[in-house]
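Next up, the structure:
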């Protein structure tokens, strides 16, 4: 790419290394950044550096936060005895958006995947088990409905059951507003298996 | 978005302000950046700041460069008498990739668009006319084949013709490898109009 100056090429390469950004998008972004006012570029760059420098794992639930204990864990109105286990902070945010869950979370930072060589010790599972020594009523497993998510859910439930703590799994089924004809067979079967009496 | 820490929210907002990046992609990028090693994040951020600080317009062709005159304009092997007019540096790069054009460029940084209120004085057109006072044989107009690009091409050709300099337009037609049945009618008509004898 010597038809750009070396600094533009470097910027394009850096951007293209981000997930979901190909070389064409990276070029478009790079030229957009060069068109932005200097102050805005610095604000964007600094927001990256600042976030990276100051964000760490919550000591209790392992979500990303800029405090030692995250605002959710610190909130006295949240039910500390109900723990929802999610794969990553994005999933936590998705449930927080519903505004209806009043318990706390535990972020695994991944899911068990023998295919990718990710075992139980590679995710924050031991940390979850340690939390269960405290006063916990229920662990709600909200890992994804993928092969890895289901494997992880199964593994965790087997691990927790002997402790006598209630373990639940979020329901699988037809999404609200979903049109049956466009939904895959596995989901349709799950929805049938999980049918409830009206 | 108070379920993220304020610094994560700020990063997500900054990323989402870039073109082609929605809120979901911005979230994915933000969490990816937080997972990257500190040194890589700083390298990415600095590549933005450095590029913005050091990149300016080439004094001759107005492409983006980190020199006063860009490497293409400075190259004694390029034909300075043949100027290809393009809308932006990405288009210049696209032609440079072919490796076959031996002339120099002129980057307009836009195209005339009455709809968007972009007139001839908003692009580097006066700068092009000034270059024509020198020794120029041909101006090749390689603006896009869009409404704006065609308008700009027409406008420039009318402006240059009285000077006696040869003005040409890159050919419109069926892309190489293009399947006729998937090509729009306007392109098909253009290809017919522009047919050449074999």
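Protein chains in written order, with this note's numbering: chain A, 1 to 198; chain B, 1001 to 1198.
Built from N, CA and C at the ideal position, the CB exists for glycine as well.
Candidates B/1147, B/1089, B/1093 and B/1026: closest to residue 1116 of chain B by CA position
On the second chain, residue 1116 of chain B is found 116 positions in, with the first residue counted as 1. Distances from the CA of residue 1116 of chain B to each of B/1147, B/1089, B/1093 and B/1026 were compared; the closest alpha carbon is that of B/1147.
Member of B/1078, B/1032, B/1096 and B/1079 whose CA lies at the smallest distance from the CA of residue 1086 of chain B:
Counting from one through the second chain, the residue named residue 1086 of chain B turns up at place 86. Nearest of B/1078, B/1032, B/1096 and B/1079 to residue 1086 of chain B, Cα basis: B/1096.
Does DSSP classify residue 1132 of chain B as helix, strand or coil?
Against the second chain, residue 1132 of chain B aligns to sequence position 132. Here residue 1132 of chain B sits in coil by DSSP.
Residues of the segment 73–97 of chain A with a CB closer than 8 Å to any CB of chain B: list them in chain order, please.
88, 89, 90, 92, 93, 96 and 97
Buried versus exposed, by CB contacts within 10 Å (16 or more), residue 11 of chain A
By one-based count along the first chain, residue 11 of chain A stands at place 11. Buried: at least 16 other Cβ atoms inside 10 Å.
Which same chain residues, not among the five before or five after residue 1190 of chain B, have their C-beta less than 7 Å away from its C-beta?
Looking up residue 1190 of chain B in the second chain gives position 190. Here the set comprises 1172 and 1173.
With distances taken between CB atoms, is the gap from residue 1083 of chain B to residue 1109 of chain B smaller than 7 Å?
Start at 1 with the first residue of the second chain, and residue 1083 of chain B comes out as number 83. Start at 1 with the first residue of the second chain, and residue 1109 of chain B comes out as number 109. Against a cut-off of 7 Å, the Cβ pair of residue 1109 of chain B and residue 1083 of chain B comes out as no contact.
Tell me which same chain residues have a C-beta within less than 6 Å of the C-beta of residue 1168 of chain B, skipping the five on either side of it?
Along the second chain, one-based indexing puts residue 1168 of chain B at 168. Only 1140 meet the Cβ criterion.
Per DSSP, the bridge partner or partners of residue 169 of chain A:
Translated into positions along the first chain, residue 169 of chain A becomes position 169. Beta-bridge pairing links residue 169 of chain A to A/141.
Alpha carbon to alpha carbon, how far is residue 19 of chain A from residue 1032 of chain B?
Taking the first residue of the first chain as 1, we reach residue 19 of chain A at position 19. Taking the first residue of the second chain as 1, we reach residue 1032 of chain B at position 32. About 8 Å.
I think residue 1007 of chain B touches residue 50 of chain A, with their Cβ atoms under 8 Å apart; what is that distance to the nearest whole Å?
In the second chain, the residue the question calls residue 1007 of chain B occupies position 7. In the first chain, the residue the question calls residue 50 of chain A occupies position 50. Correct: roughly 6 Å between the Cβ atoms.
With DSSP as the reference, please indicate the residues paired to residue 1065 of chain B in a beta bridge.
Taking the first residue of the second chain as position 1, residue 1065 of chain B is located at position 65. For residue 1065 of chain B, which the question treats as bridged, DSSP gives the partners B/1056.
Please determine, among A/152, A/166 and A/192, the residue with the shortest C-alpha to C-alpha distance to residue 124 of chain A.
Counting from 1 along the first chain, the entry for residue 124 of chain A is found at position 124. Of A/152, A/166 and A/192, the residue nearest in Cα terms is A/152.
Reduced DSSP category for residue 117 of chain A - H, G, I as helix; E, B as strand; rest coil:
On the first chain, residue 117 of chain A is found 117 positions in, with the first residue counted as 1. Looking at residue 117 of chain A - three-state DSSP - the assignment turns out to be coil, as it is neither helix nor strand.
Assign residue 37 of chain A to buried or exposed, taking buried as 16 or more other Cβ atoms, counted over all protein chains shown, within 10 Å of its Cβ.
Residue 37 of chain A sits at position 37 when you count from the first residue of the first chain. Exposed: under 16 other Cβ atoms inside 10 Å.
Cutting at 8 Å between CB atoms, please list the residues of its own chain near residue 1074 of chain B, excluding the five before and the five after it.
To locate residue 1074 of chain B, count along the second chain from 1; it is residue 74. Excluding residues within five positions, the ones whose Cβ falls inside 8 Å are 1067.
Whose CA, out of A/164, A/165, A/136 and A/181, lies closest to the CA of residue 81 of chain A?
Walking along the first chain from the start, residue 81 of chain A turns up at place 81. Checked all of A/164, A/165, A/136 and A/181; the closest Cα to residue 81 of chain A is A/136.
Here's a check: name, in chain order, each residue in its chain whose Cβ is nearer than 7 Å to the Cβ of residue 1120 of chain B, leaving out the five neighbours to either side.
Here residue 1120 of chain B refers to the residue found at position 120 of the second chain. Correct list, in chain order: 1112 and 1155.
Is it buried or exposed for residue 126 of chain A, if we count other Cβ within 10 angstroms and need 16 for buried?
As a first step, residue 126 of chain A is located in the first chain; it is residue number 126 there, counting from the start. Its Cβ having fewer than 16 others within 10 Å, residue 126 of chain A is exposed.
Could you confirm whether any beta carbon from chain B is found closer than 7 Å to the beta carbon of residue 52 of chain A?
The sequence position of residue 52 of chain A within the first chain is 52, counting from 1. True, the Cβ-Cβ gap to chain B drops below 7 Å.
Interface residues of chain B around residue 19 of chain A at Cβ under 8 Å?
Taking the first chain and counting its residues from 1, the one referred to as residue 19 of chain A is at position 19. At a C-beta separation below 8 Å, residue 19 of chain A has these neighbours in chain B: 1028, 1029 and 1032.
Quick one: what does DSSP say residue 124 of chain A is sitting in, helix, strand or coil?
Residue mapping note: residue 124 of chain A aligns to position 124 of the first chain, counting from 1. Three-state result, residue 124 of chain A: coil.
Taking the alpha-carbon positions, what's the residue 1089 of chain B to residue 193 of chain A distance?
Along the second chain, one-based indexing puts residue 1089 of chain B at 89. Along the first chain, one-based indexing puts residue 193 of chain A at 193. For residue 1089 of chain B and residue 193 of chain A, the distance between alpha carbons rounds to 58 Å.
State the start and end residues of the unbroken beta strand (DSSP E) segment that holds residue 100 of chain A.
As a working note, residue 100 of chain A is residue 100 in the first chain. Where residue 100 of chain A is concerned, there is no enclosing beta strand (DSSP E), given that its DSSP letter is neither H nor E.
Closest Cβ-Cβ distance between residue 161 of chain A and chain B: below 7 Å?
The residue given as residue 161 of chain A occupies position 161 in the first chain. No, its Cβ sits nowhere closer than 7 Å to a Cβ of chain B.
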